[in-house]
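**Student:** The listed protein sequences derive, respectively, from chains A and B. Under the working numbering, the first residue of the first sequence carries the number 3, and numbering increases by one thereafter. Under the working numbering, the first residue of the second sequence carries the number 14, and numbering increases by one thereafter. There's a structure below that I have some questions on.
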Amino acid sequence: MIGKILLVISWIYIIFGIIGIFRFENMYSRLLTSSKIDTVATFTVLIALLFYTGISEYTVKLLLIIFFLVITSPISNHIIVRSAYLNGIPVGQKEEKSWKLW
Amino acid sequence: MILIITMFMLVIAMLFSLVRMILGPTTWDRLLALNLISAKTILLIAIYAVYSERPVLLDISLSAGIIGFLTIALFARFILFGGRTK
């Protein structure tokens, strides 16, 4: 029951992540949105699977995947931001759009 | 049933990330979309392992996570040291 509620909550996070990618105008804003909301959606789905299966042979492997993603998910976002900043992308400046969705 | 709906929404999210990858203005937008698709792939394989009751597939999910992290790190360093930026 808790697993199903957490899966329904994770749908909301996935939809907000998709909206946030297309909504903002700066590259750093898009990276902030994706690194926060998408990471939360990932952990919500994995913890929901932990509650969904109970104590079985899935438990150790799911905990291992959660432990790996806790370490590497902020690091990969940090690597992308560092690479963009050292190449001279300006911070806090809107880029002009050639297309418009909203 | 609820697992099938979650997998369907993950596939739709991967398609929208692919749209962001196609029309992203800079190279780092494309790296961002690659990171998102990698995370969604881990989730998709994990949910399918629970759905089809085969826990061996979780090992494939973990190795997909390792390959995604190494891909992001190597591409970021390649672009930083002399790759094509525009």
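No residue lacks a Cβ here, since even glycine has one placed at the ideal position from N, Cα and C. None of the values given here were measured: they were computed from a predicted structure.
For the stretch 15-45 of chain A, list every residue whose C-beta sits within 9 Å of some C-beta in chain B, in sequence order.
**Tutor:** Residues passing the 9 Å Cβ filter: Ile16, Ile17, Gly19, Ile20, Ile23, Phe24, Met29, Arg32, Leu33, Ser36, Ser37, Asp40, Thr41, Ala43 and Thr44.
**Student:** Determine whether the beta carbon atoms of Leu49/B and Ser30/B lie at a separation below 7 Å.
**Tutor:** Yes, the pair counts as a contact, with Cβ atoms nearer than the cut-off.
**Student:** By the 10 Å Cβ neighbour count, where 16 or more other Cβ atoms means buried, how is Met29/A classified, buried or exposed?
**Tutor:** Looking at its Cβ environment, which holds 16 or more other Cβ atoms inside 10 Å, Met29/A is buried.
**Student:** Using only alpha-carbon positions, find the residue among Phe88/B, Leu93/B and Thr19/B that is nearest to Lys53/B.
**Tutor:** Of the listed residues, the one whose Cα sits closest to Lys53/B is Thr19/B.
**Student:** Tell me whether Val100/B sits in a helix, a strand or coil according to DSSP, three-state version.
**Tutor:** Because chain B spans 14 through 99 in this model, residue 100/B falls outside it and cannot be assessed.
**Student:** Checking contacts by CB at 7 Å: is Val63/B closer than that to chain D?
**Tutor:** Although the question refers to chain D, the structure presented lacks it and instead comprises the protein chains A and B.
**Student:** Does DSSP put Val72/A in a helix, in a strand, or in coil?
**Tutor:** Residue state, collapsed to three classes: helix.
**Student:** Using beta carbons (cut-off 7 Å, strictly below), is Ile92/B in contact with chain A?
**Tutor:** Answer yes: the Cβ-Cβ gap between Ile92/B and chain A drops below 7 Å somewhere.
**Student:** I think Asn89/A touches Leu93/B, with their Cβ atoms under 8 Å apart; what is that distance to the nearest whole Å?
**Tutor:** 7 Å between Cβ atoms; contact.
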